[in-house]
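In the order they appear, the protein sequences are chains Y and H.
As numbered in the UniProt record's numbering, residues 1 to 211 make up the first sequence, in order.
As numbered in the UniProt record's numbering, residues 1 to 211 make up the second sequence, in order.
Written out below as structure tokens is the structure these notes cover.
2 protein chains.
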Amino acid sequence: MSEISRNGTGGGGQPGRIGIGLELDHIHLKILEVLRENGRISVAALAERVGISRANAYTRFEALRADGAIKRFTAEIDHVRAGLGITALIFVTVRQQMWKQFRAELARMPEVEYCAITTGQHDAMIQVRVADVAAVHSMVTERLAHIPAVKATETVFILDEVLKRPYVLPGDGDRPRTSRRPAPEPQGDVPLGKMRFVGAAEGRAALRKDT
Amino acid sequence: MSEISRNGTGGGGQPGRIGIGLELDHIHLKILEVLRENGRISVAALAERVGISRANAYTRFEALRADGAIKRFTAEIDHVRAGLGITALIFVTVRQQMWKQFRAELARMPEVEYCAITTGQHDAMIQVRVADVAAVHSMVTERLAHIPAVKATETVFILDEVLKRPYVLPGDGDRPRTSRRPAPEPQGDVPLGKMRFVGAAEGRAALRKDT
DNA sequence: GTTGAAATTAGTACGAA
DNA sequence: TTCGTACTAATTTCAAC
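Below is the structure:
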């Protein structure tokens, strides 16, 4: 249920094109903008805020849902109030060709909220929410360490979540998110040496799908 | 609007206690469980699925909202369909006592979906969604590098998002998420040496609040 | 793509268990 | 507290424009 679609993040992003489904115009984006702020708004109220008719709003709403642009509606819950006050990130190095097993084990860990495969020093990052720090420790040493696919882990704790946007959309803040090549100031006062881009570690190119 | 409440993640988690507001019983949790899967469900249908009366469902629903256990309702959007096919993590080292500035600058970057302050080698992790890899580059070198508070960055790309749960709740999978100390098998076949826990780097204890 | 009216459903209030 | 019912208000659907 929580297994989400492969999003092709590693492939080449085609700037202008919007997936393969319906073309999203600026009204579609505005609908998404309203909906990510208030997922329970009525379609009638949505229509008014977007500036279109009710019927049109229903049509577009359904289209966005059917197309998959809207994946689901969800409630954001306060983890602390829910009793899960500790959040940690665990960076995992996965043994080659054991990704399938790793994924399978992940699905069996309810405390994992998010898992992404990354380039860089580690292979995956998982975010867990638990009640106390001891639970993080037991999770890493008792659960993760028992997975043969896991070669090594590195755990850091989240001290504060500064920002969390429901979902980032293109055009937020009017600024086009494509690379505006202009680059007005070539690179005067920027200590570029301090900026590291970390590519895939070993030969992890073909690993995006399970092996 | 996206500035979320300090969640005290770094403090000591008190296992049994549920915040300071209302006590959440198992019915409250069940409501949250349904709501995080379908944020647009009607309260009538919610009542039925949870097994309580409509009136009761309305009362509890409002209580959860008022208490803050439910922070908001939102739509999950497919970033690829929305034209933001690239996701990256940027690990940032922040100059001491410039957190306030760093936070302020973050709020002005719409491509940032998430930012957390962490222990470990870096001070913060931010997740960005953009249209193409060039946008990541320009974001890091042109925007982040210009912030005096930013000492250094390290960028990795997300190749695939394996798992994304709307929100983790206690009791998911019946397993108590508190540390069950029993530890049946002391530590036989586990290569504990491979498991690293990374604490705060310098004297970053008091940095959870802006300085 | 829009408007308006009918049918359905949601939200509220209140008394009883 | 929780439930059940009746009442009111709103939303969704469907038709014609």
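Note that beta-carbon positions come from the ideal geometry of N, C-alpha and C, so glycine has one too.
None of the values given here were measured: they were computed from a predicted structure.
Integer-rounded CB distance, given that residue j should sit under 8 Å from residue i
i         : j         : result
Arg-36/Y  : His-79/Y  : Arg-36/Y to His-79/Y, Cβ: 20 Å. No contact.
Arg-54/Y  : Ile-31/Y  : The pair is not a contact, with the Cβ atoms about 13 Å apart (cut-off 8 Å).
Ala-88/H  : Phe-157/H : 5 Å
Arg-40/Y  : Arg-40/H  : 6 Å
Phe-73/H  : Phe-102/Y : Actually they are not in contact, since the Cβ atoms of Phe-73/H and Phe-102/Y sit about 32 Å apart, beyond 8 Å.
Glu-113/Y : Val-168/H : 5 Å
Met-125/Y : Ala-145/H : The Cβ separation is near 23 Å, so there is no contact.
Leu-29/Y  : Pro-170/Y : 7 Å
Gly-199/Y : Thr-118/Y : The pair is not a contact, with the Cβ atoms about 11 Å apart (cut-off 8 Å).
Val-133/Y : Ile-70/Y  : Their Cβ separation, rounded to whole angstroms, is 37 Å, which puts Val-133/Y and Ile-70/Y out of contact at 8 Å.
Arg-116/Y : Leu-84/Y  : A small correction: the amino acid at residue 116/Y is Ala; Arg does not occupy that position in the sequence shown. About 20 Å; that fails the 8 Å criterion.
Ala-63/H  : Leu-22/H  : 6 Å
Pro-148/H : Met-98/H  : 6 Å
Ala-110/Y : Asp-172/H : One detail in the question is off: residue 110/Y reads as Pro in this sequence, not Ala. That belief holds up - the Cβ atoms of Pro-110/Y and Asp-172/H are roughly 3 Å apart, short of 8 Å.
Residue i, DSSP secondary structure in three states
i         : result
Gly-193/Y : helix
Leu-84/H  : coil
Arg-40/Y  : coil
Ile-52/Y  : coil
Pro-186/Y : Only weak support is given to the placement of Pro-186/Y: the predicted model assigns it a pLDDT of 49, under 50, and the value that follows is read from those uncertain coordinates. Note: Pro-186/Y maps to coil in three-state DSSP.
Bounding residues of the beta strand (DSSP E) (the contiguous stretch that carries residue i)
i         : result
Glu-76/H  : 70 to 77
Ala-124/H : 124 to 130
Where the alpha helix (DSSP H) through residue i begins and ends
i         : result
Leu-24/H  : Per DSSP, Leu-24/H belongs to no alpha helix (DSSP H) and is neither H nor E.
Val-168/Y : Taken as a continuous stretch (DSSP letters only), Val-168/Y belongs to no alpha helix (DSSP H), as it is neither H nor E.
Ala-200/H : Note, Ala-200/H: premise wrong, no alpha helix (DSSP H); not H, not E.
* Return the chain-ordered ranges of every alpha helix (DSSP H) run that is complete within the stretch 83 to 119 of chain Y and spans a minimum of 4 residues. => The DSSP assignment places complete alpha helix (DSSP H) segments of no fewer than 4 residues inside the stretch 83 to 119 of chain Y at 99 to 107, in order along the chain.
* Report the residue ranges of all beta strand (DSSP E) runs contained in full by the stretch 138 to 164 of chain H; include only those spanning at least 3 residues, in chain order. => Here the runs fully enclosed are 150 to 164.
* Using 8 Å as the threshold, is the stretch 66 to 77 of chain H in touch with the stretch 140 to 148 of chain H, meaning 3 or more CB pairs across them? -> With contact defined as three or more Cβ pairs closer than 8 Å, the stretch 66 to 77 of chain H and the stretch 140 to 148 of chain H are not in contact.
* Stretch pair the stretch 40 to 52 of chain Y + the stretch 77 to 97 of chain Y: three plus CB contacts closer than 8 Å -> When C-beta atoms of the stretch 40 to 52 of chain Y are compared with those of the stretch 77 to 97 of chain Y, fewer than three pairs fall below 8 Å, so the two segments do not count as touching.
* Specify whether the stretch 94 to 110 of chain Y and the stretch 157 to 168 of chain H touch according to this definition: at least 3 beta carbon pairs, one from each stretch, less than 8 Å apart. => Result yes; three or more Cβ-Cβ pairs closer than 8 Å.
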